[in-house]
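For what it's worth, this note's numbering labels the leading residue of the sequence shown as 4, then goes sequentially. Positions of the beta carbon are idealized from the N, C-alpha and C atoms, including for glycine. First up is the structure itself, then whatever we jot down about it.
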Amino acid sequence: MSENCTSHEEANAELSEMIAKCILEDESRAMDTKQDQVEASNEAPTSIIVTSLPVSLFDNKELKTEFEALFRFYDPEAEFRYLKSFRRARVDCTNAAAASKARTHLHQTPLNGCHMNCYFSQPVIIKGLTNEQFLKLPAPVKQFLISPPASPPVDWAPATESEPNINYDLLTAVANLGPGDAHELHPQSESQPSIVVHVCEDLDPTGKLKIHPTRCPQRQQDS
Numbered sequence: 004m005s006e007n008c009t010s011h012e013e014a015n016a017e018l019s020e021m022i023a024k025c026i027l028e029d030e031s032r033a034m035d036t037k038q039d040q041v042e043a044s045n046e047a048p049t050s051i052i053v054t055s056l057p058v059s060l061f062d063n064k065e066l067k068t069e070f071e072a073l074f075r076f077y078d079p080e081a082e083f084r085y086l087k088s089f090r091r092a093r094v095d096c097t098n099a100a101a102a103s104k105a106r107t108h109l110h111q112t113p114l115n116g117c118h119m120n121c122y123f124s125q126p127v128i129i130k131g132l133t134n135e136q137f138l139k140l141p142a143p144v145k146q147f148l149i150s151p152p153a154s155p156p157v158d159w160a161p162a163t164e165s166e167p168n169i170n171y172d173l174l175t176a177v178a179n180l181g182p183g184d185a186h187e188l189h190p191q192s193e194s195q196p197s198i199v200v201h202v203c204e205d206l207d208p209t210g211k212l213k214i215h216p217t218r219c220p221q222r223q224q225d226s
């Protein structure tokens, strides 16, 4: 009798364990399904590209209002971006459901003599990328303003720009130049003239330029 009771209890324990395992699997499967639905809704397009629009739409405010009212019937907070050169418009809806309804009901809708076409703008979603997979910016250091060779040799690298060369002799010579003085840079020789620099004086910003009078040349009288 005791052996029968023990086997019956073991069977009940196994049955309870199987039921608990099934419940956990169902809950896990439901959570995965819900997660897939959320991801699908996030990846669903919310933007519509409208083509074949009339040219008059882009300059006519009343026609624009009529066009936007068609889409705002499905999404009052929809945003519009017009591409006049392509006769297109981009409509951004707040959710995928509104975008789907607007696209389905407004495709091939006549508007001022034209039948507009509605297409989904597929979003580009990139997953699983890290910063190491993107091109890194170069170091912000000064470099020579030269282009690399057409075929760079092995281990070629742009050279870092060095500090400017300061000619102290030239700075001293310029500092010694006084306004109104004449400075001989090259003495005169038998075959070459001397080179003299005359430094101009600073003009008076408040005064006027004085024009020195010149003597009128003598005129020859007719005899």
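Grouping DSSP H, G and I as helix and E and B as strand, with all else coil, what is H186? Counted from its first residue, the sequence shown places residue 186 at position 183. H186: strand per DSSP, three-state reduction.
Buried or exposed: where does F137 fall if 16 or more other Cβ atoms within 10 Å of its Cβ makes it buried? Taking the first residue of the sequence shown as position 1, residue 137 is located at position 134. F137 is exposed by the Cβ-count criterion.
Using the beta-carbon count (16 or more within 10 Å), is I51 buried or exposed? As a first step, residue 51 must be located in the sequence shown, where it is residue number 48. I51 is classed as buried because its beta carbon has at least 16 other beta carbons within 10 Å across all chains shown.
With DSSP as the reference, label E6 as helix, strand or coil. As a position in the sequence shown, residue 6 is number 3, starting the count at 1. Residue confidence for E6 is low, a pLDDT of 48 falling below 50, so the modelled location carries little weight; the figure read from the coordinates is stated next. E6: helix per DSSP, three-state reduction.
Measuring alpha carbon to alpha carbon, tell me which residue in E187, E82, A47, G116 is nearest L66. Within the sequence shown, the letter at position 63 stands for residue 66. Nearest option by C-alpha distance: G116.
C2 burial status per 10 Å Cβ neighbour count (16 or more: buried): It is not possible to answer for residue 2, since the shown part of the chain is limited to 4 through 226.
V202 versus S194, Q223, P216, H186, residue with shortest Cα-Cα distance: Locating residue 202 in the sequence shown gives position 199, where the first residue counts as 1. Looking at the Cα atoms, H186 is the closest of the given residues.
Sort N63, S88, F76 by Cα distance to K104 and report the nearest one. Sequence index remark: in the sequence shown, residue 104 carries index 101 (1-based). Considering only alpha carbons, the answer is F76.
Which class does Y122 belong to by DSSP, given the choice of helix, strand or coil? For the purposes of this step, residue 122 is taken as residue 119 along the sequence shown, with counting starting at 1. Here Y122 carries a strand assignment [DSSP, helix/strand/coil].
Would N81 be called buried (16 or more neighbouring beta carbons within 10 Å of its own) or exposed? Taking the first residue of the sequence shown as position 1, residue 81 is located at position 78. Here the sequence assigns Ala to residue 81, which means Asn is not the residue at that position. Under this definition A81 is a buried residue.
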